[in-house]
Amino acid sequence: MVEDKSKLVARDAHTHEIRDENGEWIRLGDELSMQVIFRNLTGENFAGKPATAYADYLSWMRHFTAASWPGRSDPLGPGRTIELAPISGTPIARFRFGS
2 MVEDKSKLVA RDAHTHEIRD ENGEWIRLGD ELSMQVIFRN LTGENFAGKP ATAYADYLSW
62 MRHFTAASWP GRSDPLGPGR TIELAPISGT PIARFRFGS
């Protein structure tokens, strides 16, 4: 079971989040870690690597996210949008997954 966002932020050094198009958090962490994970999710960090590397990573992240939030629609699925932002702040970056 995933903890409440406010409890996680209060307890840990979380400053940034990756969230879905509805503002629901997917990952919380420090700024640098969230930038790296966001670039992984967009495929940017997989440039120059076999296409299967990004596909495998995204498949794993989709599985992990589904297992963490049973019943939640897939925020990393085709046509969905994610954002990188300070916790509850204005987005720094936005990405829409292709079909």
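For the sequence shown, this note's numbering gives the first residue as 2, with consecutive numbering after it.
Just so it is clear, CB atoms sit at the ideal spot from N, CA and C, and this is done for glycine as well.
These figures come from a predicted structure and were not determined experimentally.
Item to check | Pairwise C-alpha distance: Trp70 and Asn23 | outcome: 15 angstroms
Checklist entry - So, are the CB atoms of Ile83 and Phe96 less than 9 angstroms apart? => result For Ile83 and Phe96, yes; Cβs fall inside 9 angstroms.
Item to check | Contacts around Ala54, its chain only, beta-carbon distance under 6 angstroms, and the 5 residues preceding and following it disregarded | outcome: Phe47
Item to check | Cβ-based burial, Ala56 [other Cβ within 10 Å; buried from 16] | outcome: exposed
Next on the checklist: Using C-beta distances below 8 angstroms, list every residue in its chain close to Arg63, excluding the 5 sequence neighbours before and after it, in chain order.
Outcome noted: Asp75, Leu77, Gly78
Next on the checklist: On a Cα-Cα basis, can you pick out the residue from Glu32, Leu85, Ala14, His17 that is closest to Thr43?
Outcome noted: Comparing Cα positions, the closest option is Leu85.
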